[in-house]
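**Q** To start, I am sharing the structure in question, which I have written as structure tokens.
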Amino acid sequence: MPGLTAAGVRFTMDTGRSFLQAKSIMKLAAKLILLFLWGVLAIVAIFTWQTVRRQSQWEDHRRVLHASELVEAIKPAVEQAIRSGGTITIQQAIEYSTRGVNGPQLRWLEESTQVTVTNDRATQTAYAYIPLSIDGQQTGTIEVATPLSDEDEHLRDSIQASLLSLLGVAALSAMVIFFGGVLWVGRPLDKLVDQVELIGEGQLPQAPALSSNDELGRLAGAISLMSHRLNDQRNAIRHTDRLGTIGTLAAGIAHELGTPLNVVSGRAGLIASGRLSSEEVASSAQTIKTEAERMTHIIRQLLDFARQSPTPHNSMDIGEVLGRTCELMRPLAEASKVRIVYQPVAAPLTIDGNATQIQQVITNLISNAIAAMPSGGTVTIAVQDTPDDAINIRVSDTGLGMDPKEVDRVFEPFFTTKDVGQGTGLGLSIAYGIVREHGGQIQVESQLQVGSTFTVVLPHHQHS
2 MPGLTAAGVR FTMDTGRSFL QAKSIMKLAA KLILLFLWGV LAIVAIFTWQ TVRRQSQWED
62 HRRVLHASEL VEAIKPAVEQ AIRSGGTITI QQAIEYSTRG VNGPQLRWLE ESTQVTVTND
122 RATQTAYAYI PLSIDGQQTG TIEVATPLSD EDEHLRDSIQ ASLLSLLGVA ALSAMVIFFG
182 GVLWVGRPLD KLVDQVELIG EGQLPQAPAL SSNDELGRLA GAISLMSHRL NDQRNAIRHT
242 DRLGTIGTLA AGIAHELGTP LNVVSGRAGL IASGRLSSEE VASSAQTIKT EAERMTHIIR
302 QLLDFARQSP TPHNSMDIGE VLGRTCELMR PLAEASKVRI VYQPVAAPLT IDGNATQIQQ
362 VITNLISNAI AAMPSGGTVT IAVQDTPDDA INIRVSDTGL GMDPKEVDRV FEPFFTTKDV
422 GQGTGLGLSI AYGIVREHGG QIQVESQLQV GSTFTVVLPH HQHS
């Protein structure tokens, strides 16, 4: 059995590590995909900007060439006008030569100006200055003004196309992230995480959460196999625990019933010998009766400990049960010079449970507290409502306390710190089972020569 346990633990650890590794790899893959998509968007944006910039430069260069060709075309008319004389004659010649040309407007400038291309966004017009040379000498400059309406419209179309491309890439990226990251990876991974949490809560075995043939499907199969192996191992451990419990019970029964049986056998032998007086016979008979009652009490406690069937639960005020129990235990406490202090709360605190069983738990805790104070002391019972929808019941004493080893074993069957014949060691085990059956838990804190505090945590009444 220890070998099976170790193998199960190793398998659980290996599967857990594989799951964590797969989850980390998937997160890394998602981050890399997102980084790649951002890179694609950046590349598309840079490419679009470069394309628009090159197109703008090409349009400027084309306008200069067109202006130069236009000037060359009207150059003969301008030469004739210059030879005829007069600036007005030159401008009129230019206007006459370009009257059939749509778009560019030409103007004669006498100053010698370097050829440049400007873009006046206020007028949406591009200006080109073309020098005019006649007979090898530069006589002036012709200004060519070209409206940019067509070029601007073409540029806007190019920008819109680029923006549409960017939007398309963004939409494609979003679809890849959604389908690849959320549907194909995220949701299946969430199912695996939920299943692992259920396994961690003890819900065994589990069928595979995924039926795909990919890596996640194989991981789901490994998790399901782990849950079945854990379930088999849990059943084996439970069987081992039952065998251990039976052994403990057998040893406890032999110890607890052995002493009274020896007394009964001895006293019965004396009576059967006929050598006792009538008073001695009566005394021996009374001793036999007392020991028989003690054995009956032990057997009744064993039956309570072994009883596994749940009892009907009803809504009840835990404060009333505690107050009633304290009043019942007060005479026993006063006889042992022990004072019971009950600290109730003003508002009712309701739980779903069996009042008789809860009273049995509190009675046992108070009895143990009284037994832990042979020279007298104080038992304090306090109830508190907690923020996490639970009720805490604390039973504290100022008695002898327990060392850490005794605290670890305090809920074990037949374990007791009382003297021989003073207790069976089943009371706290029974209390532990009752509290767990009510969906709660019981805890203990103790310090030698200071005292012990038992805390019972019970869930609130759930309103339907």
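In terms of my numbering, the sequence shown opens at residue 2 and continues consecutively. Ideal Cβ positions, reconstructed from N, Cα and C, are used throughout, including at glycine. Since the structure is predicted, the reported quantities are computational estimates derived from the model, not experimental observations.
#1: Just confirm the distance between the C-beta atoms of Pro209 and Ala221, as a whole number of angstroms; I'd bet it's less than 8 Å.
#2: With which residues is Thr147 paired in a DSSP beta bridge?
#3: Can you tell me where the alpha helix (DSSP H) holding Ala336 begins and where it ends?
#4: Could you work out which residue in Ile131, Ser368, Asn365 and Arg235 is closest to Arg64 when comparing CA atoms only?
#5: Count the other C-beta atoms from every protein chain shown that fall within 10 angstroms of the C-beta of Trp39, then say buried if there are 16 or more, exposed otherwise.
#6: Could you tell me the boundaries of the alpha helix (DSSP H) in which Ser368 lies?
#7: Per DSSP, what kind of secondary structure is Leu199 in: helix, strand or coil?
#8: Please identify the residue among Thr399, Ile367, Ile352 and Phe416 whose C-alpha is closest to the C-alpha of Gly441.
#9: I need the straight-line Cα distance from Asn365 to Gln450, nearest angstrom please.
#10: CB-CB under 7 Å to Ser228, same chain, minus the five flanking residues each way: which ones, in chain order?
#11: In chain order, what residues of the same chain have a beta carbon less than 8 Å from the beta carbon of Ala123, not counting five sequence neighbours either side?
#12: Should Asp398 go down as buried or exposed, given a rule of 16 or more other Cβ atoms within 10 Å for buried?
#13: Between which two residues does the alpha helix (DSSP H) harbouring Leu429 extend?
#14: Only counting the same chain, and skipping five residues up and downstream in sequence, which positions put a Cβ closer than 8 Å to that of Leu133?
#15: So, are the CB atoms of Ala459 and Ile394 less than 9 Å apart?
#16: Taking DSSP's pairing of strands, which residues face Leu107 in a bridge?
#17: Roughly how many whole angstroms lie between the Cα atoms of Ile371 and Val339?
#18: Taking only runs that begin and end inside the region 159 to 243, name each unbroken alpha helix (DSSP H) of 4 or more residues, in chain order.
#19: Any idea what DSSP makes of Asp136, helix, strand or coil?
#20: Do the region 314 to 332 and the region 279 to 292 make contact, defined as three or more Cβ pairs closer than 8 Å?
#21: Can you tell me whether Arg301 is helix, strand or coil according to DSSP?
#22: The alpha helix (DSSP H) that contains Asp409, what's its start and end?
#23: Quick check on the DSSP output: the beta strand (DSSP E) that includes Asp398 runs from which residue to which?
#24: Leaving out five residues before and five after Gln360 in sequence, what residues of the same chain have Cβ atoms less than 6 Å from its Cβ?
#25: Out of Asp390, Leu42 and Thr147, which has the shortest C-alpha to C-alpha gap to His67?
#26: What residue from Pro405, Ser376 and Val436 has the CA that sits closest to Thr357's CA?
#27: The beta strand (DSSP E) with Pro460 in it runs from where to where?
#28: Is Ala347 helix, strand or coil by DSSP?
#29: Would you tell me roughly how many angstroms separate the C-alpha atoms of Leu190 and Gly169, rounded to the nearest one?
#30: So is Leu184 buried or exposed if we call it buried at 16+ other beta carbons inside 10 Å?
#31: Look up Gly267 in the DSSP assignment and say whether it is helix, strand or coil.
#32: Pull up the distance between the alpha-carbon of Pro414 and that of Ala432, whole angstroms please.
#33: Grab me the residues of Ser225's own chain with a C-beta within less than 7 Å of its C-beta, minus the 5 sequence neighbours each way, in chain order.
#34: What does the alpha-carbon distance come out to for the pair Val116 and Ala127?
#35: If we ignore side chains and look at the alpha-carbon of each, how far apart do Gly137 and Arg54 end up?
**A** Looking at the coordinates:
#1: Right, the Cβ-Cβ distance comes to about 4 Å (below 8 Å), so this counts as a contact.
#2: In DSSP, Thr147 forms a bridge with Ala127.
#3: Ala336 -> alpha helix (DSSP H) spans Ile319 to Ala336.
#4: Out of Ile131, Ser368, Asn365 and Arg235, Ile131 has the C-alpha closest to the C-alpha of Arg64.
#5: Under this definition Trp39 is an exposed residue.
#6: Ser368 -> alpha helix (DSSP H) spans Ala356 to Ala372.
#7: Look at Leu199 here: in three-state DSSP terms it is helix.
#8: Nearest of Thr399, Ile367, Ile352 and Phe416 to Gly441, Cα basis: Ile352.
#9: Cα-Cα distance, rounded: 21 Å.
#10: Same-chain partners within the cutoff: Ile200, Leu205, Pro206 and Gln207.
#11: Because the pLDDT of Ala123 is 48, which lies under 50, any placement of that residue in the model is unreliable, and the question is left without a value.
#12: The residue in question, Asp398, is buried, as its Cβ has 16 or more Cβ neighbours within 10 Å.
#13: First-last of the alpha helix (DSSP H) with Leu429: Gly428 to Glu438.
#14: For Leu133, the CB contacts under 8 Å within the same chain, skipping 5 residues up- and downstream, are Val72, Lys76, Val79, Gln139, Thr140, Gly141, Thr142 and Ile143 in chain order.
#15: The question names Ala, yet the displayed sequence has Leu at residue 459. Against a cut-off of 9 Å, the Cβ pair of Ile394 and Leu459 comes out as a contact.
#16: Answer is Val145, bridged to Leu107.
#17: The alpha-carbon atoms of Ile371 and Val339 are separated by roughly 7 Å.
#18: Annotation note: the region 159 to 243 contains the following uninterrupted alpha helix (DSSP H) runs of length 4 or greater, listed N- to C-terminal: 188 to 201.
#19: Reduced to three states, the DSSP call for Asp136 is coil.
#20: Using a Cβ-Cβ distance cut-off of 8 Å, the region 314 to 332 and the region 279 to 292 are not in contact, since fewer than three pairs of beta carbons, one from each stretch, lie closer than that value.
#21: For Arg301, the three-state secondary structure derived from DSSP is helix.
#22: It spans Pro405 to Arg410 - the alpha helix (DSSP H) in which Asp409 sits, taken as one unbroken run.
#23: Counting along the chain, the beta strand (DSSP E) containing Asp398 begins and ends at Ala391 to Asp398.
#24: Excluding residues within five positions, the ones whose Cβ falls inside 6 Å are Val322 and Thr326.
#25: The shortest Cα separation from His67 among Asp390, Leu42 and Thr147 belongs to Thr147.
#26: Per the Cα distances, Val436.
#27: For Pro460, the enclosing beta strand (DSSP E) starts and ends at Gly452 to Pro460.
#28: In this structure, Ala347 counts as coil in the three-state DSSP scheme.
#29: If you draw a straight line from the Cα of Leu190 to the Cα of Gly169, it is about 29 Å long.
#30: Leu184 comes out exposed.
#31: Per DSSP, reduced to three states, the secondary structure at Gly267 is helical.
#32: The alpha-carbon atoms of Pro414 and Ala432 are separated by roughly 11 Å.
#33: Leaving aside the five residues that flank Ser225 on each side, the residues in its chain whose CB is nearer than 7 Å to its CB run, in chain order, Gln207, Ala208 and Pro209.
#34: Because Val116 carries a pLDDT of 41, less than 50, the predicted location of this residue cannot be relied on, and the following value inherits that uncertainty. Approximately 13 Å, taken between the alpha carbons.
#35: Taking the CA atoms as reference points, Gly137 sits about 37 Å from Arg54.
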